[in-house]
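Colleague:
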Amino acid sequence: MSQLNIDCLNEIFKYIDDDDKVTLSSCLLVNRLWCQVSVRILWRNVSNYNTSNFNTLIACLPNESKKILNENGINILTPNSKFLTFNYSTFCKILSINQVHYKIELLLRNQQTISYRKLTKYTYLVVKEILKMFMNNIPSLKSLSYLKNLNINLNLLRYNKEKVCLKNLTELHCSSDISNKFFYQLSRICNNLLLIGIMIKCHSIPIRLAELISVQKNLKSFYMIIDCSMDDILCNIPLLMTKLPNTLISLYLSAGTCNYSLSFITNFTNLQKLELSFNSTLYLDFEKLQYANFPQLQVLIIKFARPKFELLINFLENNGKNLKELYLDHYDNSFNLAVAKFCPNLIKLYTIFTNEELETLKMVLISCQYIESIELFCDEYLSDKKALEMIVNYSHEYLCEIVITYDYQESRLLPEELEFFFINWTSHIPQKSLSLEIIRCENDKTSLDTDHENMKIIEKYIKLGVIKKFKITDFDINNYTLSFIMSNSYNV
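Under our numbering, the first residue of the sequence shown is numbered -15, with each subsequent residue one higher.
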């Protein structure tokens, strides 16, 4: 394997998880070729850098930048630049300015005892010089994240007169409080973005942001998180959305309030994924959407808020046949019956059932015969014992993942009943190994996995190969909100 050429190695190494630094780092020591390939992967994403990596980057700074830092009293211990093997800044493909700022501030804090005012000044100067180096050295940046904060106010594009670095940018994540000039300059350089993500802040929406969106020729994904409740800003949201091209296939909208019409969504007839996340006390405006036709829609996710169920049922009647994934975190028996009737091709399902609606769960499992993954919400209204009984008795051959979310409700599943579930699972034809995930509220001591005997049974069936993957997760509202963003990032 050590004799493979560079193209083969690139193809293999790209499947190694970015977070698996141990495996990638071990590849550095095999030979020169392996080192050249793996070092590019290790240094491609700024978010994976630690303070030691930034020490190395500071050592890579040109003499002019080092002189500026020295003149301002900034002395950072770094490796000797004469012994650096690569110009590491050239390998960056995914740049988060906020991550650079955070890590540099951490580095300075660890190395120097200085006042808050000096720390702010020094951080700004070091970040500025590192970004200048990135802009001049990166041959082709693929993803840029720039969420403004009080300590960052940088004119990135000033650092590279030819703007070569940003010409092939495919992802942009930013906030609306960045200067109009930034968006204007980007709109002159980048017209092939695949993903744009915007955090709307309590300022006016920049005119040039709308212009940047309107010049995109092949935009596939758009997400907008509205961190603002000012009516004069919110009323401009639909107008901003009209600038999006019809090439869009993924759309995510999140806000605390939703007092504007969602009818603009009907323009995006090529949508394959739609995710809406609004305050749970509000009903979504779904009047105009209920009869809309999205012939390619495969994923529908609605979190916190929900439309009136009769409107959502009408929507499923028009669009349910092609849905592969459905997520709704409110319960209504009529809605679940509509899922059984209109969504026969579902592969992944999360909706809420109660103990009184187990017959409906049975109908869903029988009708949706292609389901591979089902997530159940177990609280005082639905017992895990009864839910698992339904799954093992009525699910089809494709089901291979069960996720159980607990809401401080004590598990009613006795060890012998859990054992009985796994025994019955092994009789499935064809037999499939099972992935089982438990999601619980932080410090919850009542979920299935907190019973020692239950865990012994789970370990037994892991060894027997019946369970191929077992995972316990604490519910994280941030991951819950950002799932769309991560799943729609492109390989860069």
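All C-beta atoms, glycine included, are put in the ideal place defined by N, C-alpha and C.
V199 and N175 look like a contact to me (Cβ under 8 Å); what is the Cβ gap, rounded to whole Å?
Modeller: 5 Å
Colleague: Based on Cα-Cα distance, which residue from E373, K332 and M374 lies nearest to Y354?
Modeller: K332
Colleague: When the Cα atoms are used, what is the spatial distance from R24 to L307?
Modeller: 38 Å
Colleague: Express the C-alpha separation of S238 and F468 in angstroms, rounding to a whole number.
Modeller: With a pLDDT of only 46 at F468, under 50, the local geometry of the prediction cannot be trusted, and no value is derived from it.
Colleague: Using 10 angstroms around the beta-carbon of Q169, count the other beta-carbons present and answer buried if the total reaches 16, otherwise exposed.
Modeller: Q169 should be labelled buried.
Colleague: If the criterion is Cβ atoms closer than 8 Å, does the pair H157 and S129 meet it?
Modeller: Against a cut-off of 8 Å, the Cβ pair of S129 and H157 comes out as a contact.
Colleague: Hey, which unbroken runs of the alpha helix (DSSP H) at 4 residues or more fall wholly within the stretch 392 to 456?
Modeller: 399 to 409 and 436 to 447
Colleague: CA-CA distance, K185 and D211?
Modeller: 5 Å
Colleague: Which same chain residues end up closer than 8 Å to L109 when comparing Cβ atoms and leaving out the 5 residues on each side of it in sequence?
Modeller: I52, L53, N56 and I58
Colleague: By how many angstroms is the C-alpha of L246 removed from the C-alpha of Y236?
Modeller: 12 Å
Colleague: Along the chain, which unbroken stretches of the beta strand (DSSP E) at least 3 residues long are found entirely within the stretch 246 to 323?
Modeller: 257 to 267, 283 to 290 and 309 to 312
Colleague: Contact between the stretch 301 to 317 and the stretch 332 to 346: three or more CB pairs below 8 Å?
Modeller: yes
Colleague: Using the C-alpha atoms, what's the distance from E385 back to E341?
Modeller: 22 Å
Colleague: Between I358, Y33, N152 and K116, which has its C-alpha nearest K87's C-alpha?
Modeller: Y33
Colleague: Tell me whether S22 is buried or exposed, calling it buried when 16 or more other Cβ atoms sit within 10 Å of its Cβ.
Modeller: buried
Colleague: For the structure I just gave you, are there three or more beta carbon pairs, one from the stretch 67 to 82 and one from the stretch 97 to 109, closer than 8 Å?
Modeller: no
Colleague: Given a cut-off of 8 Å, decide if G304 and F319 are closer than it, judged by their beta-carbon atoms.
Modeller: no
Colleague: For a test of the three-state rule: what should DSSP assign to L491, helix, strand or coil?
Modeller: Outside the shown range of the chain, which is -15 to 476, sits residue 491, and nothing can be said about it.
Colleague: Hey, out of N152, C44, F262 and L432, whose CA is closest to L372's CA?
Modeller: The alpha carbon of L372 has as its nearest neighbour, out of N152, C44, F262 and L432, the alpha carbon of L432.
Colleague: Can you give me the C-alpha to C-alpha distance between V283 and K416, rounded to a whole angstrom?
Modeller: 25 Å
Colleague: Taking the C-alpha atoms as reference points, what is the distance between Y390 and K440?
Modeller: 20 Å
Colleague: Among the residues of its own chain, which have a CB less than 8 Å from the CB of S124, if the five just before and after it don't count?
Modeller: K77, V148, C149, K151 and N152
Colleague: Between the alpha carbons of L193 and Y445, how many angstroms are there, rounded?
Modeller: 54 Å
Colleague: DSSP three-state call for Q96: helix, strand or coil?
Modeller: coil
Colleague: On the three-state DSSP scale, how would you describe D458?
Modeller: strand
Colleague: If you draw a straight line from the C-alpha of I375 to the C-alpha of L418, how long is it?
Modeller: 12 Å
Colleague: Tell me whether L223 is buried or exposed, calling it buried when 16 or more other Cβ atoms sit within 10 Å of its Cβ.
Modeller: exposed
Colleague: Find out if the Cβ-Cβ distance for the pair M119, C44 is shorter than 8 Å.
Modeller: No. Outside cutoff.
Colleague: Look up Y130 in the DSSP assignment and say whether it is helix, strand or coil.
Modeller: Strand.
Colleague: Roughly how many angstroms lie between the CA atoms of T231 and P46, to the nearest whole one?
Modeller: 42 Å
Colleague: Please go through the same chain and pick out, in chain order, the residues whose beta-carbon is closer than 7 Å to the beta-carbon of S38, but skip the five residues on each side of it.
Modeller: Going by the sequence as given, residue 38 is Phe instead of Ser. Closer than 7 Å at Cβ, skipping near neighbours: K87, I88 and L91.
Colleague: Tell me the start and end of each unbroken beta strand (DSSP E) in the stretch 156 to 212 that is at least 3 residues and wholly inside, in chain order.
Modeller: 179 to 184 and 205 to 210
Colleague: Between L383 and K257, what straight-line distance do the alpha-carbon atoms span, to the nearest angstrom?
Modeller: Straight through space, the alpha carbons of K257 and L383 are spaced by roughly 22 Å.
Colleague: Can you tell me whether DSSP reads E385 as helix, strand or coil?
Modeller: strand
Colleague: Which same chain residues end up closer than 6 Å to N438 when comparing Cβ atoms and leaving out the 5 residues on each side of it in sequence?
Modeller: Non-local beta-carbon contacts of N438 in its own chain, meaning distances under 6 Å to residues more than five positions away in sequence, involve P399, L402 and L432 in chain order.
Colleague: Which value, in whole angstroms, describes the spacing of the CA atoms of R290 and L296?
Modeller: Approximately 9 Å, taken between the alpha carbons.
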